[in-house]
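Heads up, the sequence shown is in the working numbering, so the first residue is 478 and it goes up one at a time. Structure, as structure tokens:
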Amino acid sequence: MLGLTVAVSISSMVFQNCIFNNVSKKELKSNESIYKYNIFIYCVCLLLFGVMMIKEGMSLYTLTLGLVFGVVTALSNFYKVLSLSKGPMHITLLVTTSSMIIPTLSGVFFGETFSMTKLCFVFVLIFFVYLSLDRTSDKSINKSWLICCMIAFVMQGTIGVLQKIHQTSDCKNELNFFLFVSFCCSAIFNRIRIKGKFSDIKLGKKTMLLALFCGVCTYLNNFLNLKLSGLIPSQVFFPLVNGSTIVLCSLASVIIFKEKLTKIQVIGLCGGILSLVAICMVK
């Protein structure tokens, strides 16, 4: 059952990325349209979280931590996008992906057994992730990019730590309330970013339908990842989820979107898969 839950979580993340990749290239032509699209996704999530949280408790602890989580998530997404606009994509994605190190190491503060072997394979995974990333960007590294990238690294790593903090507390069953508060923050953040009238930004019916599916995927991966973070050791969960998503999204780009991989990228994908297996198998 746990394996099935992990599979559903990873699959929902891959579907979410595939949908967003398709829509962003064909329909979303401005920052404002991206913000509006995100808001519709968050509204779908808020509806689902709102319905499901009726059966849960609503403590001040979860409310406070949910607000912090929402702000950190919004900042993480903002600085990741800003980093991508300022510097090379492959290095930016490598840095933000490497942020899995933060929640992976945090497990020792929650009474989990530390494995140096697993940690070594996490670094091996990150190396193969680097090989699998597209390196055709001609943007140079500068101080502004470095600052944004470091902020994104810390914020994205903190997301996993906050998930762990909530799921090791007495309020761990208040998952939907926690995420409802978080997505409220994210929706407000995206609305603030829109310049001009909200109604002036036009999205087609097909885009709205895809936003609905993307919202369901976003709900599933956030709910399941939060729950799984309290059930699976950090040194397995965070590398497994992050690494598998990158590998499967790369495969999807080839199979679905007909993108071509270089020999180095193929080596990176194969090495990434083997690294993930090793992380799950070794003690």
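In this text, a Cβ means the ideal position worked out from N, Cα and C, and glycines have one as well. Since this is a predicted model, take the numbers as computed values, not measurements.
Within the same chain, and ignoring the five residues on either side of Val713 in sequence, the residues whose Cβ sits closer than 8 Å to its Cβ are Lys595, Ile756, Cys757. Taking 8 Å as the upper bound for CB-CB distance, Leu753 and Leu602 are in contact here, some 7 Å apart.
The Cβ atoms of Thr581 and Met632 do not sit closer than 9 Å to each other. Within the same chain, and ignoring the five residues on either side of Gly527 in sequence, the residues whose Cβ sits closer than 7 Å to its Cβ are Phe657.
Judged by their CB atoms, Leu540 and Phe654 are nearer to each other than the 9 Å cut-off. Per DSSP, the unbroken alpha helix (DSSP H) holding Lys620 starts and ends at 620 to 644. When rounded, the separation of the alpha-carbon atoms in Leu561 and Val491 is 20 Å. In this structure, Leu571 lies away from Gln742, with their beta-carbon atoms at least 9 Å apart.
Of all alpha-carbon atoms in Ala484, Ile487, Ile496, Leu479, the one lying nearest the alpha-carbon of Ile733 is that of Ile496. For Leu689, the enclosing alpha helix (DSSP H) stretches over residues 682 to 705. Assignment of Asn650 by DSSP, reduced to helix, strand and coil, places it in the coil class. Val500 is the residue among Ser486, Leu481, Val500 whose C-alpha sits nearest the C-alpha of Leu680.
Look at the stretch 558 to 586 and you find these whole runs of alpha helix (DSSP H), each 4 residues long or longer: 566 to 575, 578 to 583.
Judged by beta-carbon spacing, Thr482 lies beyond the 9 Å limit of Leu717, meaning their Cβ atoms are not closer than that value. Cβ contact annotation for Tyr512 (same chain, cutoff 6 Å, sequence separation greater than five): Asn667, Arg670, Ile671, in chain order. Spatial neighbours of Gln644 in its own chain (CB-CB distance under 6 Å, excluding positions within 5 residues in sequence) are listed in chain order as Ser706, Gly707. Taking each of Ile750, Tyr696, Ile709, Asn498 in turn and checking the Cα distance to Met529, the smallest one comes out for Tyr696.
Residue state for Val759 is assigned as coil, using DSSP reduced to three classes.
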